[in-house]
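Mapped onto this note's numbering, the consecutive letters of the sequence shown carry residue numbers 183 to 384.
Idealized CB from N, CA, C, for every residue including glycine.
Keep in mind that this is a model prediction, so the values were computed, not measured.
These notes are about the structure you will find just below.
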Amino acid sequence: MTDSTVLNEIDETAFARLEAEGRLLNPVLKAPTHVAGRFGFRGELALRFAAKLADEARPPELTCDQVMAIATRGDDKLPFFCGWLLSFESLKDVAEALGDTLSAGGKYFLYCDNIDLSKKYQVPYKGAMFYVLPILENTVYNEMLELLYLEKTELKKKDTAGKLDAVANAALKFDVTFDTITYEEGLQLMGPVRNPNENRPV
């Protein structure tokens, strides 16, 4: 599939504005999946951009990492999105970046590095409901498999698009409820923000 074909397909989905704004970064997948009419993305979502100096493209100041998301052709809402945040506080940046692609019925999961490991929350924000979960030295993909009771071995034979389809299909049916808190309550409950560069070899 040519780049122009992929661009045409993405233009017909809720990813169109995000792509136009240069928010869909470092894609492992940015292409149609195996489900008819579905477009998938795995990569990073730019949340806040650094000021541009002349023509120099600088990396974003803030990203949501390990993103998995799908969109459906002809639908301007994202039905499923998940990703990793260093701090719960950045939930508002995710909500603002996704903006009008969020819907009340969408399934949105955010794994936050500074949330109590024993807690899981639901946080309403900008008309959408976010599942906020802790993450412990793991990947969002592995955490989602565990949350959705998907067998890693069964997915091993699938390609990247197939794995995303399996996670998204299960996530769309997810209906477990957790304690509902406001964004402001979450700010009070969150722990300190870890320095991700700590203890790394120089």
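When DSSP labels each residue in this structure, what does residue i get in the three-state scheme?
i    : result
D347 : helix
L330 : coil
E319 : coil
F270 : helix
E226 : strand
F239 : For clarity, residue 239 is Ala in the given sequence; the question names Phe instead. Coil, per DSSP.
Between residue i and residue j, what straight-line distance do the alpha-carbon atoms span, to the nearest angstrom?
i    : j    : result
I297 : F263 : 19 Å
V322 : Y313 : 13 Å
T362 : E238 : 43 Å
N208 : E201 : 12 Å
L336 : E319 : According to the sequence shown, residue 336 is Glu rather than Leu. Their backbone Cα atoms lie some 23 Å apart in a straight line.
T254 : S272 : 26 Å
K338 : L211 : 16 Å
T359 : K259 : 22 Å
Here's the rule: buried if 16 or more other CB atoms are within 10 angstroms of the residue's CB, otherwise exposed. What is residue i?
i    : result
G225 : buried
S300 : exposed
L235 : exposed
E325 : buried
D282 : exposed
N377 : exposed
Q248 : buried
Y331 : exposed
Taking the alpha helix (DSSP H) that residue i belongs to, which residues open and close that run?
i    : result
K302 : Where K302 is concerned, there is no enclosing alpha helix (DSSP H), given that its DSSP letter is neither H nor E.
N379 : That residue, N379, is in no alpha helix (DSSP H); it is neither H nor E in DSSP.
R199 : 198-202
E366 : 365-371
What are the boundary residues of the beta strand (DSSP E) that residue i is part of?
i    : result
V276 : First-last for V276: 273-280, but that is the alpha helix (DSSP H), not the beta strand (DSSP E).
D247 : 244-254
A213 : 206-214
L292 : 289-294
I believe residue i touches residue j by the beta-carbon criterion, under 8 Å. Please report the beta-carbon distance rounded to the nearest angstrom.
i    : j    : result
M372 : F270 : 4 Å
G309 : L292 : Wrong, their Cβ atoms sit about 16 Å apart, outside the cutoff.
P214 : E194 : Not really, about 11 Å apart at Cβ, beyond 8 Å.
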